[in-house]
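There are 2 protein chains.
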Amino acid sequence: MTARRNKPNGIGMVPTIEWYGSHVRMIDQRKIPSRTDWYTCRGYRDVIKAIQKMVIRGAPAIGIAAGMGLALGAGSIRAKSFGSFMKKFERMGHEMLLARPTAVNLRWAVDRMAALARSMEGHSIEEIKAELRLESERMLNEDIEINKQIGENGEPLIPRGATILTHCNAGALATGGYGTALGVIRSAHRKGKKINVIADETRPWLQGLRLTAFELMREGIPVAVIADNAAGFLMRQKRIDLVITGADRIAANGDVANKIGTYQVAVLARTNKIPFYVAAPLSTIDPTIRNGDLIPVEERGAEEICIFRDRQVAPVGTQAINPAFDITPARYVSAIITEKGILRAPYKAAIKKILTAP
Amino acid sequence: MTARRNKPNGIGMVPTIEWYGSHVRMIDQRKIPSRTDWYTCRGYRDVIKAIQKMVIRGAPAIGIAAGMGLALGAGSIRAKSFGSFMKKFERMGHEMLLARPTAVNLRWAVDRMAALARSMEGHSIEEIKAELRLESERMLNEDIEINKQIGENGEPLIPRGATILTHCNAGALATGGYGTALGVIRSAHRKGKKINVIADETRPWLQGLRLTAFELMREGIPVAVIADNAAGFLMRQKRIDLVITGADRIAANGDVANKIGTYQVAVLARTNKIPFYVAAPLSTIDPTIRNGDLIPVEERGAEEICIFRDRQVAPVGTQAINPAFDITPARYVSAIITEKGILRAPYKAAIKKILTAP
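Which chain is which? The protein sequence lines are A and B, in order. Following the working numbering, the numbering of the first sequence begins with 1 at its first residue and continues without gaps. Following the working numbering, the numbering of the second sequence begins with 1001 at its first residue and continues without gaps.
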């Protein structure tokens, strides 16, 4: 089934994820741009599978999916007592946490759902189930609002006429809608700043070539894709004015885990004296992790590199090393754009302050 | 037709290019590793087309192809006088020069063939034609010998047990045989140094994933491919000990034009305090070009990025910027390994000295 409706999620395009009756459905991001197919989840394990197989990806979107997945799971629990319900619900949460290791938003969502459920002791199981579903809807809507605020906060950093490099897809498809890095880009575009975007294609999964190009072209924002190999050359030629990416987890000291290749872009930006910005909601900050080297980095299968749409490209039996994320030390980050404002070095203090602010 | 013979070109594998009766044939590198098909050239324009379409690629291999192509072209010239022969031959040379702009070996080969022809004034046209063909065969055989010498000269730079990152394919397939960067790797392997290779897949054309993996696996040299995005992360994790690449043109000051992405690898190597070596024959050095920024960088079509084996991957109509090469400033180059020895900074003096040495 092909989704062609305009959704009121703030971006006039296909929604990333939504409730559909008693099911959760999401656009299958493995198939964009060739197709915009719905992927329907009837139970929480369908959602876990969707996260693992990257039907849905992007740290904030994974968080929302986990929330909706747990609400789905809660709906299926048969329990007579609150204690028995919570035991089963928390087990689902543990399972959900294992879907992917790097993006902290997954844990954030699981914790939020569990906290809500725990706070409802004394209510009926049916009330708790209904409230969990509502909570997952609030997570979606809040995320869109947060992204718009990130866009508004980051927009002043974008000079008129700037050419902006972005890596991976930190757009509407990576979030509830609007996007983090692409949210800033959207806001600058809507302010009439006449920006241009260069999108790293972002191997191996080609989020830039497939998803970022798709989103920006739909919105009429000028975009050109490049092989990831070309970013440094274009910077050296002064054809890129600044870089913005999203983040999958930010450590207490400001180190950033993000899509593999982000570290390289940050180093090249520094070498070429170009600002490197990270746009992310506060839910991406993990104050329990001291520095980036302690963030678990998922390693994915060789087939993502060696096989392309079911066709073997590498010699049969080729070994591959396929880390899905990398760590950018905080010293390479010019600023972190959040919904509550822009953080600057020293990040440890700035992060502490913003997380404890009222 | 599938080529499975072992050829005595020093590497016990498929030859890159060879004379086959009155034709020139080459392995079609667009199809490796799925197929090892011959691509047969009956005239010099077939060779130009093969170079443009990257049936054959790699700076030294392009040089040899140009030499053989011009010998093919010479064979087809109908001329009664030396002057008329030379006029036609030089016109072919001009056409050949336009096939691809960045690798200087193309010009080197055209100049060498033209100089030989010019030196034979007084000989019969048939003698000149025969000698041009012999010259192109000498170019092939010399190149293999040069590569072996590069390998021998570079091998002492490789520590026992080292893990070596290479970018693109600077191997047997990029040369007459044995390879430049992969020649050094072959020599270290044959010395029993127990090396491991990590090959950047090298988008958009995937020379690393397809060709370097193919060559090294055939020789039993341990190799793992990575997305180009992962090189920096692995360096930061201290999983790469050194980098070796080839070169398409080296300026008088030591700046290196090579496959797009090389500059990024060099910057990342410097940031992570890892040696970055370039292995190339002296024919790759262009003393007429003062610095790298004066080297013409070929821009290729968007389809190399947006279309994958006839399948549209990007949204239809996606713009792309596709520079095929980049420039690595000499300050990032730890050493240039040539057949006459190892050059170190200051490169301007070292290059001048080695090019004027007897």
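The beta carbon of each residue, even a glycine, is placed where N, CA and C say it ideally should be. Keep in mind it's a predicted model, so treat the numbers as computed, not measured.
Distance between residue j and residue i (C-alpha atoms, nearest Å)
| i | j | result |
| --- | --- | --- |
| Asn-1291/B | Gln-1149/B | 27 Å |
| Gly-43/A | Met-68/A | 10 Å |
| Ile-1307/B | Ile-1285/B | 34 Å |
| Gly-246/A | Ala-181/A | 5 Å |
| Pro-159/A | Thr-16/A | 29 Å |
| Leu-1070/B | Ala-230/A | 33 Å |
| Gly-1151/B | Gly-1176/B | 14 Å |
| Pro-1222/B | Lys-340/A | 50 Å |
| Val-104/A | Arg-1236/B | 22 Å |
| Leu-319/A | Ile-1289/B | First, the residue type needs correcting, since residue 319/A is Gln and not Leu in the sequence shown. Each residue's alpha carbon lies about 40 Å from the other. |
| Glu-1137/B | Glu-1131/B | 10 Å |
| Gly-1254/B | Pro-1358/B | 21 Å |
| Arg-1035/B | Arg-1210/B | 11 Å |
| Tyr-332/A | Tyr-263/A | 9 Å |
| Ala-1050/B | Ser-1022/B | 17 Å |
| Ala-3/A | Ile-1327/B | Note that Ala-3/A scores 41 on pLDDT, short of 50, meaning its location in the model is unreliable; the coordinates nonetheless yield the value given after this. In a straight line, the C-alpha of Ala-3/A is about 45 Å away from that of Ile-1327/B. |
| His-1094/B | Cys-1041/B | 19 Å |
| Lys-1352/B | Phe-1276/B | 21 Å |
| Arg-112/A | Arg-344/A | 28 Å |
| Asn-1153/B | Ser-1334/B | 15 Å |
| Arg-1005/B | Lys-1031/B | Its pLDDT being 43, under 50, Arg-1005/B is placed unreliably by the model, and the measurement read from it follows with that caveat. For Arg-1005/B and Lys-1031/B, the distance between alpha carbons rounds to 17 Å. |
| Gly-1063/B | Ile-1336/B | 20 Å |
| Leu-1106/B | Arg-1203/B | 23 Å |
| Arg-249/A | Thr-102/A | 7 Å |
| Ala-174/A | Tyr-1347/B | 47 Å |
| Leu-98/A | Ala-61/A | 16 Å |
| Asp-293/A | Ala-251/A | 9 Å |
| Arg-1186/B | His-1167/B | 15 Å |
| Ala-1266/B | Lys-1087/B | 44 Å |
| Leu-1234/B | Val-313/A | 23 Å |
| Glu-219/A | Ile-1354/B | 56 Å |
| Leu-1206/B | Met-1139/B | 27 Å |
The beta strand (DSSP E) enclosing residue i, as first and last residue numbers
| i | result |
| --- | --- |
| Arg-1025/B | 1023-1027 |
| Leu-242/A | 242-245 |
| Lys-259/A | 256-259 |
| Leu-282/A | No beta strand (DSSP E) contains Leu-282/A, which DSSP labels as neither H nor E. |
| Val-1333/B | Neither: Val-1333/B is in no beta strand (DSSP E) and is coded neither H nor E. |
| Ile-226/A | 223-226 |
| Ile-1017/B | 1017-1020 |
| Ala-950/B | Shown here, chain B extends from 1001 to 1358; a query on residue 950/B therefore has no answer. |
Rounded Cβ spacing between residue i and residue j (contact assumed at less than 8 Å)
| i | j | result |
| --- | --- | --- |
| Ala-114/A | Phe-89/A | 7 Å |
| Ala-1188/B | Gly-1179/B | Wrong, their Cβ atoms sit about 12 Å apart, outside the cutoff. |
| Phe-325/A | Glu-298/A | 6 Å |
| Thr-1212/B | Ala-1224/B | Their Cβ separation, rounded to whole angstroms, is 11 Å, which puts Thr-1212/B and Ala-1224/B out of contact at 8 Å. |
| Gly-208/A | Asn-169/A | 6 Å |
| Val-197/A | Leu-216/A | 6 Å |
| Phe-1082/B | Glu-1121/B | 5 Å |
Chain A contact residues for residue i, given Cβ-Cβ distances below 8 Å
| i | result |
| --- | --- |
| Arg-1236/B | Tyr-263, Asp-326, Ile-327 |
| Met-1217/B | Pro-315, Gly-317, Thr-318 |
| Arg-1203/B | Glu-201, Arg-203, Ala-227, Asp-228, Asn-229 |
First through last residue of the alpha helix (DSSP H) which encompasses residue i
| i | result |
| --- | --- |
| Val-1110/B | 1105-1119 |
| Thr-1202/B | No alpha helix (DSSP H) holds Thr-1202/B; DSSP gives it neither H nor E. |
| Arg-91/A | 82-97 |
| Thr-1318/B | Looking at the DSSP string, Thr-1318/B is not in any alpha helix (DSSP H), and its letter there is neither H nor E. |
| Tyr-347/A | 347-356 |
| Glu-1142/B | 1125-1154 |
| Glu-1339/B | Careful: Glu-1339/B lies outside any alpha helix (DSSP H) and carries neither H nor E. |
| Arg-186/A | 181-190 |
| Cys-306/A | 303-306 |
| Ala-65/A | 59-76 |
Cross-chain neighbours of residue i in chain B, by beta carbon under 7 Å
| i | result |
| --- | --- |
| Ile-233/A | Before going on, a small fix: residue 233/A reads as Phe here, not Ile. By Cβ distance, chain B contributes Ile-1260, Tyr-1263, Pro-1323, Asp-1326. |
| Leu-206/A | Val-1313 |
Chain-ordered neighbours of residue i on chain A, where CB pairs are closer than 9 Å
| i | result |
| --- | --- |
| Ala-1224/B | Ala-302, Thr-318, Gln-319, Ala-320, Ile-321 |
| Ile-1198/B | Ile-321 |
Cβ of residue i within 9 Å of any chain C Cβ
| i | result |
| --- | --- |
| Phe-214/A | In the structure shown, chain C does not exist; the protein chains are A and B. |
Within chain B, the residues that residue i reaches when beta carbons sit closer than 9 Å
| i | result |
| --- | --- |
| Arg-210/A | Val-1313, Ala-1314, Pro-1315 |
message: Residues of the stretch 1246-1274 of chain B in Cβ contact with chain A at a cutoff of 7 Å, in chain order, please.
response: Ile-1260, Gly-1261, Tyr-1263, Gln-1264, Val-1267, Leu-1268, Thr-1271
- request: Residues of the stretch 1303-1334 of chain B with a CB closer than 9 Å to any CB of chain A: list them in chain order, please.
  value: Glu-1304, Ile-1305, Cys-1306, Phe-1308, Arg-1309, Arg-1311, Gln-1312, Val-1313, Ala-1314, Pro-1315, Val-1316, Gly-1317, Thr-1318, Gln-1319, Ala-1320, Ile-1321, Asn-1322, Pro-1323, Phe-1325, Asp-1326, Ile-1327, Pro-1329
- request: Residues of the stretch 9-38 of chain A with a CB closer than 9 Å to any CB of chain B: list them in chain order, please.
  value: Ile-32, Pro-33, Ser-34
message: Tell me which residues of the stretch 1155-1188 of chain B have at least one Cβ-Cβ distance to chain A shorter than 8 Å, keeping chain order.
response: none
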